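One structure is given here, and the rest of the page talks about it.
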Amino acid sequence: MKKTREELLALLADMSIEEKAGQLAQIPIVACMDGVSEPTGPMEELSLTPEQVVLSGSVISVLRLEAEACAKVVRQLTEAHPHHIPPLVMKDVIHGHQTMFPIPLAIGATFDEKIAETLGECGAKEGAASGVHVTFAPMVDVVRDPRWGRVMESPGESPVLCAAMGAAMVRGTRGEDISAPDRIAACAKHFVGYGISQAGQDYAPIDVSHTELYNTYLPPFQACVDAGVDMVMPAFVGVDRVPCVCNEWLLKDILRGRMGFEGMIISDWDDPRQLIAHGVAEDQREVAQLCLNAGLDMDMMSFAYLTELADLVREGKMDEAKLDAACLHVLELKNNLGLFDNPVKNDSDDVQRAVCNDPEIHKAVYEAALKSCVLLKNEGALPLRQGCKVALVGSHADEHAILGGWTLDAYTERTKTLLTSFSEDSRITLTTPEEADVILLATGEKQADTGEDCSKAHPFLTAEQMDELRRLHALGKPVVLLLFCGRPLIITEALPYCSAVLNVWFPGTEGADAIRALVMGDENPSGHLSMTFPRALGQVPIHHDRLSSPRPWKEGAIYVNRYKDESNFPLYPFGYGLSYTTFQVDAAAESTTITARVTNTGSVVGETVVQVYGRIRHCSHIRPDKRLLAWQRIALQPGECREVTFPITPDMLRMYDAQGKAIEPKGVCDIAVGESSDVPYTLEVTF
Ligand code: GLC
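Residue 874 is where the sequence shown starts when you use this note's numbering, and the numbers rise one by one after that.
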């Protein structure tokens, strides 16, 4: 039985100031692995006392978590705590736990919320079985700059897609009731604007207007809040020159007030203490004051709350009511997780092993990989013909690390490589490039070169990779590029040397078999880009929903919005993706409903993503030229035709002014329907 609110308040009233301050601290799980009575090992290295460790409200794990060892820590801490309050175990379960889904940017490319939901569900199952209570996911930063390494963690550049995918991940992760044995709590991050980091550099400043916050960066978080997200993590960056972690306007007025979030707010790693390096706080005392006053509930890893808050309250420098309010958020999360009854969801390594090897999860991971790969170019080289001789070469041909960043608990070395997968296929013969009929070049970014602290000034294939490509092309045979990347790479120079390009991102645990199925034509590619692929670095940031220009580009015109030396258009637009079949999309508008008749005009079964874009024709405020309004993934047999309808509602085109006041769409709105964002406007609806 969960506690009632009265019981929680009674517990709070009975706790000492030190106990309450302790609940607001997160320390590393390694600090308690050797027991909690002696200050040795990591506990000593971190200058933590056994008392501080016992009083801490949460532990974070960044190493592989074993169920039995984790349960032992949780039980030990619960027993030693004066009120037997169990700790929250938190971990980054970002795109799967041991069994890895494709990276979130690839999940965005499925345009399939069911897959995002399944990702959340499978991560929760494996995470819960390993001892995790809360994951730091989903990441719903709107990402538009491929130089930023963390774009791989996001569903992409569209706030609408980020909102839908983020909400689906929240639903999948937490279900209806996070106390269920196979569910964990979800955390939306990084609140807010981290993806705007200047020049794509991690931890660089951002500059964002309130209008852009309301229209672009807050909506994915609102969608997560509406889906019941349990926790929110402020971003490392600052808004209005105030770091998010101590930004009262952002955390109180916006997140709690305007957005209605009632859960727990946790800092990012060591973020409170970073206020000192940033010159915003003098010392840990001021850190604790600034953050608690702003509404930050839990301090991840900076120990400012743990060492300073109790004294501040005792000295009358901090209002105890603020400590209580934050502590209540922590206790509520523990209560929602059912931890007061049952602090441990699983304590058996055998059960953990069974859950993490569940064939159903592997199947879901395989499906996700199939639907996330994007066929960018195909001059007939794909799918491969049966009986052909194939050379499979490149840095990723025999590579296990095809999982992407945030794979802390994955057994990377057990991941099947492409070479193993292709050698299992009796329909082809593997041989050297010289002997082959077709060459598969599996290359691109290293897994370790994507994610946090992986910004790049040169998001291209390397000089060595380009040399290899040219050498293979010179053999006079079709070269198929299997592109591994955690961000849009600028492959303009590589394209002429490739007969086909299949963008496989980092496809996850079942990636090799999924790629083989696509390459062999057993399955048909159906992913559509979740981020624009630029033609040139100078175009960055480039995205489909950029605000309009008063001098729009026009073929041949001068003094318009253009480059002198480069096209305005990307190499591949958002939403783009080819198939082994072709589709025809005929759309019509009736009142405010769009009907699209979609026909598979080719000769093989396939899936496409029908996308609807829109813009308000006249309005007092500048708005995106194109905004994604709705989409649907549909599967069609050859020759089959199906109708899909999209009701266009005012909320899809609603905007906000600088004060956050809604501007409702009025009058004519242009509508475009097709298989990519570069489809022209042909229809209208009127509000
Ligand atoms: C970080 C990240 C954040 C992550 C946290 C905990 O440095 O910015 O996304 O959840 O640490 O690992």
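Using N, Cα and C, we set each Cβ at its ideal position, and we do this for glycine too. Here the structure is a predicted model, which is why all the values come from computation and not from measurement.
For the alpha helix (DSSP H) containing Val856, name the first residue and the last one.
No information on residue 856 is available, as it lies outside the stretch 874 to 1560 that the chain covers here.
Buried versus exposed, by CB contacts within 10 Å (16 or more), Arg1131
On the sequence shown, position 258 is the one that residue 1131 refers to. The residue in question, Arg1131, is exposed, as its Cβ has fewer than 16 Cβ neighbours within 10 Å.
Let's test the definition: count the other Cβ atoms within 10 Å of the Cβ of Ala1161 and tell me whether it reaches 16, buried, or not, exposed.
Looking up residue 1161 in the sequence shown gives position 288. Result: buried.
Using the C-alpha atoms, what's the distance from Ile1301 back to Phe1064?
The sequence position of residue 1064 within the sequence shown is 191, counting from 1. The sequence position of residue 1301 within the sequence shown is 428, counting from 1. Put simply, the backbone Cα of Phe1064 is about 49 Å away from that of Ile1301.
Would Met874 be called buried (16 or more neighbouring beta carbons within 10 Å of its own) or exposed?
As a position in the sequence shown, residue 874 is number 1, starting the count at 1. Label assigned to Met874: exposed.
Does the distance from the C-beta atom of Met888 to that of Phe1009 stay below 8 Å?
Residue numbering aside, residue 888 sits at position 15 when the sequence shown is read from its first letter. Residue numbering aside, residue 1009 sits at position 136 when the sequence shown is read from its first letter. In this structure, Phe1009 does not lie closer than 8 Å to Met888 by Cβ.
In the DSSP output, what is Leu1303 paired with across the bridge?
Here residue 1303 corresponds to residue number 430 of the sequence shown, with the count starting at 1. Beta-bridge pairing links Leu1303 to Val1263.
Of the residues Ala1460, Leu1410 and Asp1551, which one's Cα is nearest the Cα of Asp1418?
Position 545 of the sequence shown, counted from the first residue, corresponds to residue 1418. The shortest Cα separation from Asp1418 among Ala1460, Leu1410 and Asp1551 belongs to Asp1551.
His1063: beta carbon under 7 Å from a heavy atom of the ligand GTP?
No copy of the ligand GTP occurs in the structure displayed; its ligands are the ligand GLC alone.
Which runs of the beta strand (DSSP E) spanning at least 3 residues fall entirely within the region 1533-1557, listed in chain order?
Here the runs fully enclosed are 1541-1547.
Going by the beta-carbon positions, is the gap between Ile890 and Val1224 smaller than 8 Å?
Indexing the sequence shown from 1 puts residue 890 at position 17. Indexing the sequence shown from 1 puts residue 1224 at position 351. Against a cut-off of 8 Å, the Cβ pair of Val1224 and Ile890 comes out as no contact.
Helix, strand or coil for Leu950 per DSSP?
For the purposes of this step, residue 950 is identified with residue 77 of the sequence shown, where counting begins at 1. In this structure, Leu950 counts as helix in the three-state DSSP scheme.
Helix, strand or coil for Leu1313? Go by DSSP, reduced to three states.
Indexing the sequence shown from 1 puts residue 1313 at position 440. The answer is strand: DSSP assigns Leu1313 an E or B state.
Given 7 Å as the limit, tell me if Phe1009 has its C-beta closer than that to any heavy atom belonging to the ligand GLC.
Taking the first residue of the sequence shown as 1, we reach residue 1009 at position 136. Flag set: Cβ of Phe1009 near the ligand GLC.
Classify Cys1542: buried if its beta carbon has 16 or more other beta carbons within 10 angstroms, exposed otherwise.
The residue labelled residue 1542 in the question sits at position 669 within the sequence shown. Counting other Cβ atoms within 10 Å of its Cβ, Cys1542 reaches 16 or more and is therefore classed as buried.
Exposed or buried, which one is Arg1114 when buried takes at least 16 other CB atoms within 10 Å?
Taking the sequence shown and counting its residues from 1, one reaches residue 1114 at position 241. Counting Cβ neighbours within 10 Å, Arg1114 comes out exposed, since fewer than 16 surround it.
May I ask you to verify whether the region 938-952 touches the region 1212-1224, counting CB pairs closer than 8 Å and requiring at least 3?
Pairwise C-beta distances place the region 938-952 in contact with the region 1212-1224, as three or more of them are shorter than 8 Å.
Three CB pairs or more closer than 8 Å across the region 1286-1299 and the region 1337-1354:
The region 1286-1299 makes no contact with the region 1337-1354: fewer than 3 CB pairs, one atom from each, lie closer than 8 Å.
For Leu938, which of helix, strand or coil comes out of DSSP?
Within the sequence shown, the letter at position 65 stands for residue 938. In the structure shown, Leu938 sits in coil (DSSP, three-state: anything other than H, G, I, E or B).
Out of Ser931, Pro977 and Arg878, state which residue places its alpha-carbon closest to the alpha-carbon of Asp1380.
One-based indexing of the sequence shown puts residue 1380 at position 507. The sequence as given places Pro at residue 1380; Asp does not occur at that position. Out of Ser931, Pro977 and Arg878, the CA that lies nearest to the CA of Pro1380 is found in Pro977.
DSSP on Ile1467, reduced to helix/strand/coil?
The residue labelled residue 1467 in the question sits at position 594 within the sequence shown. When secondary structure is reduced to three states using DSSP, Ile1467 falls in the strand class.
Beta carbon of Gly1136 nearer than 8 Å to that of His1202:
If you number the sequence shown from 1, residue 1136 lands on position 263. If you number the sequence shown from 1, residue 1202 lands on position 329. Yes, Cβ-Cβ distance for Gly1136 and His1202 is below 8 Å.
May I ask you to report which of helix, strand or coil DSSP gives Asp1172?
Along the sequence shown, one-based indexing puts residue 1172 at 299. Strand at Asp1172.
Is it the case that the Cβ atoms of Ser1268 and Thr1316 are separated by a distance below 8 Å?
The count along the sequence shown starts at 1 and reaches residue 1268 at position 395. The count along the sequence shown starts at 1 and reaches residue 1316 at position 443. Yes.
Taking the alpha carbon of Glu1193 as the point to measure from, which residue in Ala1036, Ala1390, Leu1165 and Met1393 has its own alpha carbon closest?
Against the sequence shown, residue 1193 aligns to sequence position 320. For Glu1193, the closest C-alpha among the options Ala1036, Ala1390, Leu1165 and Met1393 is that of Leu1165.
Do Leu1556 and Arg1496 have their CB atoms nearer than 8 Å?
Within the sequence shown, numbered from 1, the residue matching residue 1556 stands at position 683. Within the sequence shown, numbered from 1, the residue matching residue 1496 stands at position 623. No; because the gap between Cβ atoms is not below 8 Å, this pair is not in contact.
Which residues does DSSP list as the beta-bridge partners of Leu1501?
If you number the sequence shown from 1, residue 1501 lands on position 628. Residue pairing by DSSP places Leu1501 opposite Tyr1486 in a beta bridge.
State the start and end residues of the unbroken alpha helix (DSSP H) segment that holds Leu1348.
Residue mapping note: residue 1348 aligns to position 475 of the sequence shown, counting from 1. Looking at the DSSP string, Leu1348 is not in any alpha helix (DSSP H), and its letter there is neither H nor E.
Beta-carbon proximity list for Pro955, same chain, < 7 Å, skipping 5 on both sides:
Stepping through the sequence shown from its first residue, residue 955 is reached at position 82. In its chain, beyond the 5 residues on either side, Glu892 have a beta carbon closer than 7 Å to the beta carbon of Pro955.
Would you call the CB atoms of Asn1251 and Tyr1529 closer than 8 Å?
Looking up residue 1251 in the sequence shown gives position 378. Looking up residue 1529 in the sequence shown gives position 656. No, the pair does not count as a contact, with Cβ atoms beyond the cut-off.
Sort Gly914, Ala1198, Ala1237 and Thr1455 by Cα distance to Ala1387 and report the nearest one.
The residue given as residue 1387 occupies position 514 in the sequence shown. Answer by Cα proximity: Ala1237.
Close beta carbons around Glu1286, own chain, < 8 Å, minus the five adjacent residues each side
The sequence position of residue 1286 within the sequence shown is 413, counting from 1. Around Glu1286: His1273.
Taking its Cβ as the centre, do 16 or more other Cβ atoms sit within 10 Å of Ile988, making it buried, or is it exposed?
Counted from its first residue, the sequence shown places residue 988 at position 115. Ile988 is buried by the Cβ-count criterion.
Under the criterion of a Cβ to heavy atom distance below 7 Å, does Trp1142 qualify as lining the ligand GLC?
Your numbering for residue 1142 matches position 269 in the sequence shown. At least one heavy atom of the ligand GLC lies closer than 7 Å to the C-beta of Trp1142.
Starting from Cys1060 and walking both ways along the beta strand (DSSP E), at which residues does that stretch end?
As a first step, residue 1060 must be located in the sequence shown, where it is residue number 187. Per DSSP, Cys1060 belongs to the beta strand (DSSP E) from Cys1060 to Phe1064.
Do Leu1257 and Val1263 have their beta-carbon atoms positioned less than 8 Å apart in this structure?
Counted from its first residue, the sequence shown places residue 1263 at position 390. Counted from its first residue, the sequence shown places residue 1257 at position 384. Yes, they are a contact pair.
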